[in-house]
Amino acid sequence: MDTKDIAPGLEKIFKDAGDFLPLNGTDYVEFYVGNAKQSAHFYKTAFGFQSLAYAGLETGLKDRVSYVLQQDKIRLVLTTALTSDSPIGEHVKKHGDGVKVIALWVDDATKSFEETTSRGAKPFMEPIREEDENGYVIRSGIYTYGETVHMFVERKNYNGDFLPGFKKWESDYKPTAIGLKFVDHMVGNVGWNQMNTWVKWYEDVMGFVNFLSFDDKQIHTEYSALMSKVMSNGNGRIKFPINEPAKGNKRSQIEEYIDFYEGSGVQHLALATDDIIKTVRELRERGIEFLPPPPQAYYDEIPARLGTHREAMKEDIQQLQKLSILVDADEDGYLLQIFTKPLEDRPTLFFEIIQRMGAKGFGAGNFKALFESIEREQSLRGTL
Ligand code: FE2
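Residues 976 to 1359, numbered by this note's numbering, are exactly what the sequence shown covers, in order.
Following this line, the structure appears as structure tokens:
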């Protein structure tokens, strides 16, 4: 993984304390969906993912089917139940399409399970060894917020395409990739007053540290507010911001998410690109809808917001505005980002596309413009 260390200061803290849960990166993200075959087509066509592996009736499974897609270091697994009595089907019935598993790549899945469950994690899956002609993988899993799960994947003794039990998925349909590189961060929405509970859980159970916080004084609009704390592991490769709703005059987007997802869950995946203009132009051509642009004043203020990084910025502001790309800066550099509309029928999960040009933050300077844009969408849905 070549993800930049986002919080270099953290390295020393973990070295001194001993990181009991070393993580190499994100291994895969699994969605439970209503129709995996069609979802796979959507993520290939619109987001440029490539076919990687498949498991289903043809590979001996009776109860479910999974399609695995890849783009650079990002792997998505789309899974659907084949029977009415499946917990996968129950998950979809309750939450709609959404993220079930955030899988983390580790060197020792057994130790990861022991370290976390001994610190209070609720087990999802005891360590199991799965093997085929390409070697073996050990996986284990624990629950995090809501019904979401962290799987630990130990694959150092495996050289197959994905996991034992999956066959290579050969497809003649290969839409071109759009430059998505790796998962930059994944955000969880939790219910009222639960943020600090989960912050403490990530500290105690996973050994993460809280390296950025935003309160409702910083993140608010005329109508709504939210609180957010960003949790990071020791090498900075895994970053999980956790949001909770805060009181406002109207229903906040976090509350809308919790209502429609019927509980806590993953709000968005931020996917990194090296060329956001090219990536977003391509996504728009392929029919992906983004949040509507902020007003002209937002773009007029960009040079001031960039401050000393103005000189370093290569992108043309007019071009960014044409594509509704947002810009923010911190002391280390600037970043470019944009948010899709929800990717399924319920107003729940969406994607962020992000290009970091040195900046290590999460676009706090854009929050207000972003939330006002979301509120205009909420208003159209009658859920503000
Ligand atoms: Fe984000």
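Each residue gets a CB set at the ideal place from its N, CA and C atoms; glycine is no exception. Owing to the predicted nature of the structure, the values given are computational and were not obtained by experimental measurement.
{"Check": "Continuous beta strand (DSSP E) assignments of at least 3 residues falling wholly in the segment 1114-1159", "Outcome": "1124-1129"}
{"Check": "Range of the contiguous beta strand (DSSP E) that encloses Leu1053", "Outcome": "1049-1056"}
{"Check": "Which residues DSSP lists as bridging Asp1303, in chain order", "Outcome": "Leu1310"}
{"Check": "Cβ neighbour criterion (16 or more within 10 Å) applied to Ala1279", "Outcome": "exposed"}
{"Check": "Of the residues Tyr1309, Lys1297, Ser1299, the one placed nearest Thr1288, counting alpha carbons only", "Outcome": "Before going further, note that residue 1288 is Met rather than Thr in the sequence given. Looking at the Cα atoms, Tyr1309 is the closest of the given residues."}
{"Check": "Reference Glu1237, options Ser1061, Ile1277, Val1081, Lys1068, closest by Cα", "Outcome": "Lys1068"}
{"Check": "Within 8 Å, strictly: CB atoms of Thr1020 and Pro1150", "Outcome": "yes"}
{"Check": "beta-carbon Val1174 near ligand 1 non-hydrogen atom, thresh 7 Å", "Outcome": "no"}
{"Check": "Close beta carbons around Lys1222, own chain, < 8 Å, minus the five adjacent residues each side", "Outcome": "Asp1191, Ala1200"}
{"Check": "Proximity to Gly1140 [Cα-Cα], best of Ser1041, Pro1317, Glu1352, Lys1156", "Outcome": "Ser1041"}
{"Check": "Runs of beta strand (DSSP E) wholly within the segment 1257-1287 (minimum 3 residues, chain order)", "Outcome": "none"}
{"Check": "Heavy atom of ligand 1 within 7 Å of His1066 beta-carbon", "Outcome": "no"}
{"Check": "Per-residue DSSP class, three states only, for Arg1356", "Outcome": "helix"}
{"Check": "Lys1214 versus Ser1348 - alpha carbon distance", "Outcome": "25 Å"}
{"Check": "Gly1000, enclosing beta strand (DSSP E) - first and last residue", "Outcome": "1000-1007"}
{"Check": "DSSP-derived helix/strand/coil call for Gln1293", "Outcome": "helix"}
{"Check": "Own chain, CB closer than 7 Å to Asn1164, minus 5 neighbours either side, in chain order", "Outcome": "Asn1218, Ile1229, Tyr1232, Ile1233, Ser1239, Gly1240, Gln1242"}
{"Check": "Span of the alpha helix (DSSP H) around Trp1176", "Outcome": "1170-1181"}
{"Check": "Beta bridge counterpart(s) of Lys1225 as assigned by DSSP", "Outcome": "Per DSSP, none; premise fails for Lys1225."}
{"Check": "Environment of Asn1132 [buried if 16+ CB atoms lie within 10 Å]", "Outcome": "exposed"}
{"Check": "Chain-order list of residues whose beta-carbon lies under 6 Å from that of Thr1058 (same chain, five-residue window excluded)", "Outcome": "Asp1038"}
{"Check": "Contact under 8 Å by Cβ, Lys964 with Phe1157", "Outcome": "Look at the range of the chain in this structure, 976 to 1359, and you will see that residue 964 is not part of it."}
{"Check": "Proximal residues to Thr978 (C-beta, below 7 Å), its chain only, five neighbours per side dropped", "Outcome": "The predicted position of Thr978 is uncertain, since its pLDDT is 37 and thus under 50; no value can be drawn from it."}
{"Check": "Alpha helix (DSSP H) segment containing Val1067, residue limits", "Outcome": "1062-1070"}
{"Check": "Asp1107 - DSSP class collapsed to helix/strand/coil", "Outcome": "strand"}
{"Check": "Closer than 7 Å: Val1302 CB and nearest ligand 1 heavy atom", "Outcome": "no"}
{"Check": "Heavy atom of ligand 1 within 7 Å of Phe1337 beta-carbon", "Outcome": "yes"}
{"Check": "Through-space distance from Val1180 to Ala1122, alpha-carbon basis", "Outcome": "What sits at residue 1122 in the sequence shown is Glu, not Ala. The straight-line gap from Cα to Cα measures roughly 17 Å."}
{"Check": "As assigned by DSSP and simplified to three states, the class of Asn1341", "Outcome": "helix"}
{"Check": "Closest residue to Leu1138 among Tyr1120, Ala1030, Trp1173 (Cα-Cα distance)", "Outcome": "Ala1030"}
{"Check": "Where Glu1237 falls: helix, strand or coil (DSSP)", "Outcome": "coil"}
{"Check": "For review: beta carbons within less than 5 Å of any heavy atom in ligand 1", "Outcome": "Ala1245, Glu1327"}
{"Check": "Where the alpha helix (DSSP H) through Tyr1018 begins and ends", "Outcome": "1011-1022"}
{"Check": "Span separating the alpha-carbon of Phe1342 from that of Asn1109", "Outcome": "46 Å"}
{"Check": "Cut-off 6 Å between Cβ atoms - residues of its own chain near Glu1352, not counting five sequence neighbours on either side", "Outcome": "none"}
{"Check": "At least three beta-carbon pairs within less than 8 Å, the segment 1009-1029 to the segment 1092-1102", "Outcome": "no"}
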